[in-house]
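>
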Amino acid sequence: MVRFKNRYLTAEIIPGDSTTQPLNVKKYDLLASVLDVTEQIHGEFGAAAIRNGLEIKYFNESTQIAIIRCRHGPHRLLASSLPFLSTVGKRKVQLQSVYTGATMLRCFKFLKIFHEDKINEALKTCKTEQEKKKVIETMSKANLEF
Amino acid sequence: MTDERNKMTQNVPSDLSVVRFSSVRAQEIVALTKMIENPQCTKLLFQKLPCHMRRRAMSHNPNRMPRTLREAHKAQMAKSGPATQPKRPRRKYRRRPSRLLEEYKKRSSKVSWLETHLWHAKRFHMVIKWGHRLPERSCARSHRFCYRSVAQHCLLMDISYLCCVEIQGPQDEIVRGLISLCDPKTGPTFGASTFLNGTREGRVIIFKRNQFSSGPIGLVTFLWCNTGNPDMRTLWIWSHPAFYQQFLCELNSIFESDSDLLCKPPGVKITLNKGKLNRFRLRGPFAHSVVSSLFDKETRSASSLSQSPGFVTSVEVRDPRMILAQTRIKASSSTVGNCELVGLSQSKLWDASVRDQITNMRTSLPDHVINNRRSELLVPGTELPVQPEEIPIPILIVNASHESSDFVPGCDVILPAGWATAFWLALIYSGGHAGGLKDAGSMNFEYGICRDLCLEIDSEAGKATAVDRKMNLMEEYFRRPPKTRTNFIKLATPFPFCVDWDRLTIDWIGQSESGFTVLRDKKLLSGLCQKNRIVLPEILLSQPYLVPVTVRVKHGSPQEFSMICLPGADDKVNSVINEPIHQDPCAKERKMLRQQHSSLLKSLAKKRKEFRDKDGTIGDFSSATAIAVHKEKTRSLWLPSSCNLKTSFARPIIGFVTQGDFGLSEGKGIGRGYIVIRAISQIPLSLVLVRNPGTNLYMWAEITME
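If you want it as structure tokens, here you go:
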């Protein structure tokens, strides 16, 4: 039997307007908007080609990471139409894709390193000593859990 | 760089502190690491093995996997249901000669097989008794045929299941020890002079040590070795396997304690010869001619065996496989017995080392070798001349002794172990008819012989068999639907499945400290048999003794558990007497109980259904206990309650029949049974009434004491 190959696009969701409201996005909305954009850019053919294996496999609101699955082949159509995505539901967002992997495991491995880098950068922007201490505390707690 | 920084600050909402940001990220990292470490794999273990290590058989045989992966593989295999049982090999494979032997060994490990088992298993219905698998009755031959074999030809039985105990030691010690086991009033015992020199076999009833009033252990036969100085003699005792353990306990208690008290060098030695000897029993007029076919021409023609009862002869014969006839021949009448005594000498059979040597010789000269040599003979079917490897085999021939008024000629053949099949085939080919346990029972019934194969009713072994029989009969009775069961309460049968002798003696004599026993004192019994009845002393009459009797009915026949009753004073001989139908007070109760029980079951079932629909479980409304309780109660309601045997019926019951049937030797219905001794004086003109269980007709019968 021929293998079904997938591609998992990890993308960061950046809210367009700097409102204080938390990003209240649903998976379904994101999926619909992705399909919309692809239809806009690549027409009916594009949307149909993607639709079969399209799914939002992972979505984390607090870290604003989404992993979108697509079949290998049509994934290029999807990847090329993602920069044009501007609204999800009622919010204005921008999708910045950071990694494309062939399995979820590879995406998770990448995400782990990504988050660690982010924390290190956050440490650098700490202005007070107290904050720095707290950050280091949380990091050590996370390490201890292992 | 600054762009990225701006983006980052844009990423973070303005009021989100760095701490919160980092803590969330830290949690994410933890979760991600966990997922990376424990990947959820959907593949089976063996798919992850490299191709060159995979084997076709590992789908059903986990031993083909590398050791470290074996357990995990087994766990995965177990998930798809329990393993199928290995396929049973096809019939042809199972019956290959090389495999048959291990199959037989496996089957005979749990229950012990006789040496002639295979021959019997193909022709007889087999039954498991006393730890052995024994032939019960023939598949092809009927009851009448076996009776005719005993009466006119020769019946052959394999009684190797009898257990032999060998006692060696000084004669006085042995006799002194064994005397405490036997009651001298029942007849000659171990030390009687007729048996001491080893020319005759004796039989004696043994009791528990010094307790002659409680029941006996059983009947055993014994044989002294006919040579040996008084300091070193050998005694063989053959006992029935049912009471063998009890007998051994008694022997050990006697001879162990004796040897403790006396500080002499080892006195008496007991050896168990359980598997070392075989014994065949031949009964019938042609028995001796069948046995003489085993001998060579000189012994046969020179003298026929002395046919005096109980006599023991030792003969050395050739291997019977050499002289086996080609076809079966009918037994013919033997030459008239001249009372010439065959020379007595120490039989080699008594010597254990010679016995073992002969047993080993059986396997050293196998059947197929002998058959090959016979096939090379010029005239087919003739005897094989004496072979260089042959050793003459010693056997003992024990003539049948007088057991009862009817004497049936016959003999027992005692052989060393391992030779049973060879001798059995030789005897069958010379005209013996094979018989089983049922034929032994019928010989005991018709003629009163073969008593050592049957158990006494007052012994523990006999009582145990009676209880077993009661269980079987009750199961059969209750298996029938209630409408077709005979109502023993209405038909006034106190003991339909098992006779309670204690109840009988209590009703006639009153409570006594010992239970019932059968009267075995020879003098008293002969006194009772005489026509002019001697008056028995009152002390004797108040003992709970049972006297063995025979009842003979003119029309019809008695059955097991038939009641022997006294005729009334005014009863005319051969008049018709009927027992009136009794009331059945339990009928209403049974009906009510049945209705109650069925409504209870229905309500329990309803509750179970409600519970299941509501909860999904059954709860504890199981009806198992209710059913068990109901079964016990109904069974007790169907069985007749205990009542006074003297007064509850139209005629007082004095005894019961233990074996009742149409007697083929006499041509009328015969019952062998027991009556209380007290009732003997009240029997008018040796006539009694006999009533079969489940009937209400009293039959007139003649009664005789044995």
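Line by line, the protein sequences give chains G and A. The first sequence begins at 722 in the numbering used here and counts up one residue at a time. The second sequence begins at 504 in the numbering used here and counts up one residue at a time. Just so you know, even glycine gets a beta-carbon here, dropped at the ideal spot from N, CA and C. Nothing here was measured: the structure is a model prediction, and the numbers come from that model.
By DSSP's criteria, T816 (chain A) is part of a beta bridge. Which residues make up the other side?
Mapped onto the second sequence, residue 816 (chain A) falls at position 313. According to DSSP, which records beta bridges pairwise, T816 (chain A) is partnered with A:I900.
> Closer than 8 Å is the cut-off here; do at least three beta carbon pairs connect the region 1061–1068 of chain A with the region 1162–1170 of chain A?
With a cut-off of 8 Å, the region 1162–1170 of chain A and the region 1061–1068 of chain A count as touching, because enough Cβ pairs lie within range.
> At the 8 Å Cβ level, is T759 (chain G) part of the contact set with chain A, yes or no?
Within the first sequence, numbered from 1, the residue matching residue 759 (chain G) stands at position 38. Chain A contact via Cβ: absent.
> Can you tell me the Cα-Cα spacing of K779 (chain A) and I861 (chain A), whole angstroms?
In the second sequence, counting from the first residue as 1, residue 779 (chain A) sits at position 276. In the second sequence, counting from the first residue as 1, residue 861 (chain A) sits at position 358. Rounded to the nearest angstrom, the two C-alpha atoms are 11 Å apart.
> To which residues of the same chain is F1000 (chain A) closer than 8 Å at the C-beta, ignoring the five residues directly before and after it?
Position 497 of the second sequence, counted from the start, is the residue given in the question as residue 1000 (chain A). Hits under 8 Å: R972, K973, L976, M977, Y980 and F1064.
> Pull up the CB-CB distance for K1129 (chain A) and L1104 (chain A), whole angstroms please, since I reckon it's below 8 Å.
Within the second sequence, residue 1129 (chain A) is the residue found at index 626, counting from 1. Within the second sequence, residue 1104 (chain A) is the residue found at index 601, counting from 1. Note that residue 1129 (chain A) is Ala in the sequence shown here, rather than Lys. The Cβ separation is near 7 Å, so the contact holds.
> If we ignore side chains and look at the alpha-carbon of each, how far apart do D955 (chain A) and R610 (chain A) end up?
Within the second sequence, the letter at position 452 stands for residue 955 (chain A). Within the second sequence, the letter at position 107 stands for residue 610 (chain A). Looking at the two C-alpha atoms, the distance is approximately 29 Å.
> Taking the C-alpha atoms as reference points, what is the distance between R736 (chain A) and P897 (chain A)?
Here residue 736 (chain A) corresponds to residue number 233 of the second sequence, with the count starting at 1. Here residue 897 (chain A) corresponds to residue number 394 of the second sequence, with the count starting at 1. Taking the straight line joining both Cα atoms gives about 19 Å.
> Which residues, in order along the region 815–841 of chain G, keep a beta-carbon less than 7 Å from a beta-carbon of chain A?
The region 815–841 of chain G vs chain A, Cβ under 7 Å: L826, F829, K830, L832, K833, H836, E837, K839 and I840.
> Taking Cβ to Cβ, would you say W727 (chain A) is nearer than 8 Å to L665 (chain A)?
Counting from 1 along the second sequence, the entry for residue 727 (chain A) is found at position 224. Counting from 1 along the second sequence, the entry for residue 665 (chain A) is found at position 162. It is not a contact, given that the beta carbons lie outside the stated cut-off.
> Identify the residues that DSSP records as bridge partners of E1205 (chain A): which are they?
Looking up residue 1205 (chain A) in the second sequence gives position 702. According to DSSP, E1205 (chain A) bridges with A:R1055 and A:L1190.
> Over the uninterrupted alpha helix (DSSP H) stretch that includes M476 (chain A), give me the two end residues.
This structure leaves residue 476 (chain A) out entirely; chain A is present only between 504 and 1209.
> Check the Cβ of T859 (chain G) against every Cβ in chain A and list those closer than 8 Å, keeping chain order.
For the purposes of this step, residue 859 (chain G) is identified with residue 138 of the first sequence, where counting begins at 1. In chain order: V522, S525, S526 and A529.
> May I have the straight-line CA-CA distance separating W1011 (chain A) from R679 (chain A), to the nearest angstrom?
Taking the first residue of the second sequence as position 1, residue 1011 (chain A) is located at position 508. Taking the first residue of the second sequence as position 1, residue 679 (chain A) is located at position 176. Distance between the alpha carbons of W1011 (chain A) and R679 (chain A): 38 Å.
> Determine whether the Cβ of S754 (chain G) lies closer than 8 Å to any Cβ atom of chain A.
Residue numbering aside, residue 754 (chain G) sits at position 33 when the first sequence is read from its first letter. So, not an interface residue.
> Report the start-end ranges of each beta strand (DSSP E) in the region 958–1010 of chain A that is 3 residues or longer and not cut off at the edges.
For the region 958–1010 of chain A, not a single whole beta strand (DSSP E) run of length 3 or above is found.
> Using DSSP bridges, identify the partner residues of V707 (chain A).
Within the second sequence, the letter at position 204 stands for residue 707 (chain A). Paired residue(s): A:V723.
> Tell me, please, whether the CB atom of V856 (chain G) is closer than 8 Å to any CB atom in chain A?
Translated into the one-based positions of the first sequence, residue 856 (chain G) becomes position 135. Taking Cβ atoms only, chain A reaches closer than 8 Å to V856 (chain G), which makes this a yes.
> Is there at least one Cβ from chain A nearer than 8 Å to T808 (chain G)'s Cβ?
Here residue 808 (chain G) refers to the residue found at position 87 when the first sequence is read from its first residue. It does not; no Cβ of chain A falls within 8 Å.
> So what's T730 (chain A) in DSSP terms, helix, strand or just coil?
What you label residue 730 (chain A) is simply residue 227 of the second sequence in a count that begins at 1. DSSP places T730 (chain A) in coil when its eight states are reduced to three.
> Got a sec? Which residues, its chain only, sit under 6 Å from K862 (chain G) by beta carbon, not counting five neighbours each side?
Here the question's residue 862 (chain G) lines up with position 141 in the first sequence. Around K862 (chain G): no qualifying Cβ.
> Express the C-alpha separation of V809 (chain G) and K853 (chain G) in angstroms, rounding to a whole number.
In the first sequence, residue 853 (chain G) corresponds to position 132, counting from 1. In the first sequence, residue 809 (chain G) corresponds to position 88, counting from 1. Cα-Cα distance, rounded: 35 Å.
> Starting from the beta carbon of A843 (chain G), find every residue of chain A whose beta carbon is closer than 7 Å, and list them in chain order.
Numbered from its first residue, the first sequence carries residue 843 (chain G) at position 122. Going along chain A in sequence order, the residues near A843 (chain G) (Cβ under 7 Å) are V521, F524 and S525.
> Should D822 (chain A) and A925 (chain A) be called a contact, given that it needs their Cβ atoms to be closer than 8 Å?
Within the second sequence, numbered from 1, the residue matching residue 822 (chain A) stands at position 319. Within the second sequence, numbered from 1, the residue matching residue 925 (chain A) stands at position 422. Yes. Within cutoff.
> Using beta carbons (cut-off 8 Å, strictly below), is N745 (chain G) in contact with chain A?
Here residue 745 (chain G) refers to the residue found at position 24 of the first sequence. No, no contact with chain A.
> Which residue wins for smallest C-alpha separation from V1054 (chain A), given the options A:L1142, A:G965 and A:G1174?
Reading the second sequence from its first residue, position 551 is the one you call residue 1054 (chain A). If we check each option's Cα against that of V1054 (chain A), A:G1174 comes out closest.
> Nearest to L894 (chain A) by alpha carbon, out of A:A903, A:A929, A:R858 and A:N874?
Working through the second sequence from its first residue, we reach residue 894 (chain A) at position 391. Sequence inspection shows Ile at residue 894 (chain A); the Leu mentioned does not correspond to that position. The shortest C-alpha separation from I894 (chain A) is found at A:R858.
> For I1157 (chain A) versus I1067 (chain A), is the C-beta spacing smaller than 8 Å?
Position 654 of the second sequence, counting from 1, holds the residue named residue 1157 (chain A). Position 564 of the second sequence, counting from 1, holds the residue named residue 1067 (chain A). Yes, they are a contact pair.
> With the cut-off set at 8 Å, would you say V1052 (chain A) and M1208 (chain A) are in Cβ contact?
As a working mapping, residue 1052 (chain A) is identified with position 549 in the second sequence. As a working mapping, residue 1208 (chain A) is identified with position 705 in the second sequence. Going by C-beta atoms, V1052 (chain A) is nearer than 8 Å to M1208 (chain A).
> Given that a residue counts as buried once 16 or more other Cβ atoms are within 10 Å of its Cβ, and exposed if not, what is L621 (chain A)?
On the second sequence, residue 621 (chain A) is found 118 positions in, with the first residue counted as 1. When all chains shown are included, L621 (chain A) counts as exposed.
> By the three-class DSSP mapping on this structure, what secondary structure does D1164 (chain A) have?
Position 661 of the second sequence holds residue 1164 (chain A). D1164 (chain A) falls in the strand class under three-state DSSP.
> Pull up the CB-CB distance for H628 (chain A) and C649 (chain A), whole angstroms please, since I reckon it's below 8 Å.
Looking up residue 628 (chain A) in the second sequence gives position 125. Looking up residue 649 (chain A) in the second sequence gives position 146. About 13 Å; that fails the 8 Å criterion.
> Under 8 Å, with one C-beta from each stretch per pair, do the region 596–616 of chain A and the region 711–727 of chain A reach the 3-pair mark?
With the cut-off at 8 Å, the region 596–616 of chain A and the region 711–727 of chain A do not touch.
> Going by DSSP in three states, P673 (chain A) sits in which element: helix, strand or coil?
On the second sequence, position 170 is the one that residue 673 (chain A) refers to. Reduced to three states, the DSSP call for P673 (chain A) is coil.
> Between the region 1166–1185 of chain A and the region 1043–1052 of chain A, are three or more C-beta pairs nearer than 8 Å?
Cβ pair count under 8 Å is three or more, so yes.
> Hey, is the region 796–816 of chain G in contact with the region 726–733 of chain G, meaning 3+ C-beta pairs nearer than 8 Å?
Touching, yes, given that three or more Cβ pairs across the two stretches are closer than 8 Å.
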